[in-house]
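One point on numbering: in the working numbering, the residue at position 125 of the sequence shown is 628, and numbering is uninterrupted.
Just so it is clear, CB atoms sit at the ideal spot from N, CA and C, and this is done for glycine as well.
If you're wondering where the values come from, they're calculated on a predicted model, not measured in any experiment.
A quick write-up on the structure given underneath.
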Amino acid sequence: MPKSEFIQEAEARGFIFQCTDMEALDAALTAGPVAGYIGFDPTADSLHVGSLIQIMMLRLMQKHGHRPVALMGGGTARIGDPSFREEARQLMTEETIAANLRGIEGCLRQFLTFEGDTGARLANNADWLDRLSYIDLLRDVGVHFSVNRMLAFDSVRSRLEREQGLTFLEFNYSILQSYDFRELNRTMGVTLQMGGSDQWGNIVSGIDLVRRTDQKQVFGLTTPLLTTASGAKMGKSARGAVWLSAERLPVFEYWQFWRNVEDADVGRFLRLFTDLPLDECDRLAALDGAEINEAKKILATEVTALCHGRAAAEEAAETARRTFEAGESPAALPATTIPADLLSAGIPAFRLFAESGMAASNGEARRLIRGGGARINDVAVKDESLMVTPADLVDGAIKLSSGRKHHLLVRPA
504 MPKSEFIQEA
514 EARGFIFQCT
524 DMEALDAALT
534 AGPVAGYIGF
544 DPTADSLHVG
554 SLIQIMMLRL
564 MQKHGHRPVA
574 LMGGGTARIG
584 DPSFREEARQ
594 LMTEETIAAN
604 LRGIEGCLRQ
614 FLTFEGDTGA
624 RLANNADWLD
634 RLSYIDLLRD
644 VGVHFSVNRM
654 LAFDSVRSRL
664 EREQGLTFLE
674 FNYSILQSYD
684 FRELNRTMGV
694 TLQMGGSDQW
704 GNIVSGIDLV
714 RRTDQKQVFG
724 LTTPLLTTAS
734 GAKMGKSARG
744 AVWLSAERLP
754 VFEYWQFWRN
764 VEDADVGRFL
774 RLFTDLPLDE
784 CDRLAALDGA
794 EINEAKKILA
804 TEVTALCHGR
814 AAAEEAAETA
824 RRTFEAGESP
834 AALPATTIPA
844 DLLSAGIPAF
854 RLFAESGMAA
864 SNGEARRLIR
874 GGGARINDVA
884 VKDESLMVTP
894 ADLVDGAIKL
904 SSGRKHHLLV
914 RPA
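As structure tokens, then:
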């Protein structure tokens with residue numbers, strides 16, 4: 504039984520998958536505050552639900568008196584993490600990276616406190632990687648890395664087995680991430696790196712580098728890679744990524760994502776993504792039949808409150824109640840716009856669903872219609888090429904529905 508309250512709660516909530524030395528880490532966490540970090544690659548101007556387990560891990564550290572450090576990959580973003588990707592990432596411009604860093608910082612500030620004794624810290628690896636000499640890196644760091652060992656990493660091997668190839672640029676990613684750990688240990692006293700289980704090889708390499716060059720013990724802790732009960736990738740919906748930024752995804756739609764999770768996922772998600780006490784999570788997870796829907800509403804409201812604030816979460820819950828339970832006007836539904844000329848000329852139903860974001864592509868929109876799941880103004884769409892025109896506007900908007908629970912108002916602009 505671990506002595507550290509952080510480890511105890513992390514295990515009970517399902518956060519822990521692997522640890523490099525649980526006994527020694529538990530002792531360090533019990534002896535006093537520990538600084539632990541997780542890296543976030545700025546591949547977009549918002550994080551999405553797929554990153555939420557990592558954010559909640561940092562939040563849990565802070566709750567128990569330890570210091571969370573969020574490392575922004577402003578330097579490594581120039582390469583891109585190749586882990587388990589089928590092909591190389593598109594390289595980003597400096598302007599795009601800067602904009603993405605600002606957006607991700609905003610997401611993190613929704614969950615973490617950056618003031619006080621255990622205030623979270625932000626770091627950007629561009630601060631040290633940008634001034635790093637290549638020859639110095641080879642002499643100081645590269646000498647400690649075995650190519651044979653790097654080729655054995657699951658993330659590298661899976662890429663090579665698919666015969667996709669791996670550029671030398673990408674192959675350096677693990678070395679740079681290891682350098683990050685050492686730099687954070689030297690400058691900020693960070694002794695713990697956390698991440699998803701797909702980062703295990705990179706984390707272990709960093710621990711090994713610190714041991715070889717500085718003769719210090721540091722630790723690695725990974726979280727499980729999450730899928731839904733049906734096996735779908737966490738953080739994705741039928742309409743794409745479930746973003747944490749309200750500018751990317753309306754609060755109501757974020758709330759709806761959690762309201763619509765599978766019954767089998769309710770208990771697990773309550774433990775991972777809310778601050779509710781464990782006994783309350785267990786009570787809600789044990790509900791069945793129609794009562795499980797009440798547990799889903801609580802899940803949706805609690806998760807949304809952490810991300811967007813209590814008032815916004817309760818407003819979303821009330822909007823859902825009025826719309827789906829009280830049968831009121833859909834005026835409070837999420838809305839978007841399309842160019843007025845598209846509508847004035849007439850637009851096929853499948854394209855309207857794709858242009859509005861109700862479907863990720865024209866092909867997906869066609870499949871939705873063929874499957875009988877699409878409605879326009881509450882009328883089932885049977886012909887994917889049905890022309891939608893200004894005559895279909897009701898109070899200035901067209902209501903699109905995907906299934907029974909996803910609705911959107913489209914207005915010409």
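Could you tell me which residues DSSP pairs with residue i in its beta bridges?
i	result
LYS566	Answer is none; LYS566 lacks a bridge partner.
GLN720	Paired residue(s): none; GLN720 is not in a bridge.
GLY542	LEU574
MET595	Answer is none; MET595 lacks a bridge partner.
PRO851	MET890
LYS736	THR730
ASN627	MET575
SER904	ARG878, HIS910
THR839	VAL913
GLN521	THR725
VAL745	VAL745 is not bridged to any residue.
LEU679	Its beta-bridge partners do not exist; DSSP assigns none.
VAL707	Note: VAL707 sits in no beta bridge, so no partner.
VAL693	ALA538
Return the residue from the list the options that minimises the CA-CA distance to residue i.
i	options	result
SER733	TRP746, GLY899, THR726, GLU765	GLU765
SER549	LYS885, ASP895, LEU747	LEU747
GLN680	MET575, ASN763, PHE772	MET575
ASN796	GLN759, GLU608, VAL572	GLN759
HIS910	ARG581, ALA823, ALA744, SER864	ALA823
SER636	ASN688, TYR682, LEU787, THR616	TYR682
ARG875	THR616, GLU887, ASN865, LEU632	For the record, residue 875 in the displayed sequence is Gly; it is not Arg. Measuring from the Cα of GLY875, the nearest candidate turns out to be GLU887.
ARG570	PHE509, TYR757, ALA629	PHE509
ILE850	LEU889, ARG825, ILE872	LEU889
ARG685	PHE656, ARG715, GLY704, ALA868	ARG715
ALA531	HIS551, GLY568, GLY553, MET559	GLY568
ASP620	VAL745, GLN696, VAL537, LEU787	VAL537
ALA735	VAL552, ALA749, THR670	VAL552
MET689	PHE674, SER708, VAL721, ASP701	Rather than Met, the amino acid found at residue 689 in this sequence is Arg. Checking every option, the nearest Cα to that of ARG689 belongs to VAL721.
VAL918	ALA877, ARG907, LEU855, LEU871	Given a span of 504 to 916 for the chain in the structure shown, any question on residue 918 remains unanswerable.
LYS799	GLY770, GLU818, ARG825	GLY770
ASN603	GLY577, CYS522, PRO753, LYS885	GLY577
GLY542	VAL897, ASP782, TRP703, PHE520	TRP703
SER847	VAL891, GLU817, ALA814, ALA819	VAL891
SER905	PRO915, GLY899, ALA883	ALA883
SER649	SER677, LEU625, SER661, ALA623	SER677
GLY899	THR839, TYR540, MET861	THR839
ALA623	LEU903, GLN565, ALA580	GLN565
VAL572	LEU555, LEU625, LEU809, ILE558	LEU625
ASP630	ALA580, ASP524, MET653	ALA580
Let me know the secondary structure DSSP gives residue i once reduced to three states.
i	result
THR621	coil
VAL537	coil
ARG588	Residue placement at ARG588 cannot be trusted, given a pLDDT of 47 that sits under 50; what the coordinates show is reported in the next sentence. DSSP places ARG588 in coil when its eight states are reduced to three.
SER700	helix
ALA814	helix
ASN865	helix
VAL646	helix
LYS800	helix
ALA857	helix
LEU528	helix
THR616	coil
LEU550	coil
THR670	coil
ALA655	coil
VAL884	coil
LEU871	helix
ALA513	helix
LEU712	helix
LEU896	coil
LEU641	helix
LEU635	coil
SER507	coil
Exposed or buried, what is residue i when buried is set at 16 or more other beta-carbons lying within 10 Å of its beta-carbon?
i	result
MET504	exposed
PRO893	exposed
SER859	buried
ASN651	exposed
ASP544	buried
SER507	buried
ALA534	exposed
ILE638	exposed
PHE772	buried
ARG813	exposed
GLU805	buried
PHE520	exposed
Relative to the ligand NAP, is the shortest distance from any of its heavy atoms to the C-beta of residue i smaller than 8 Å?
i	result
MET697	Here there are no bound small molecules, and the ligand NAP is not part of this structure.
Any beta carbon of chain B sitting closer than 9 Å to that of residue i?
i	result
ILE795	No chain B is present in this structure, which holds just one protein chain.
Checklist entry - Which ranges would you report for the beta strand (DSSP E) in the stretch 748–796 if only whole runs of at least 3 residues count? => result For the stretch 748–796, there is no continuous beta strand (DSSP E) assignment of 3+ residues that stays within its boundaries.
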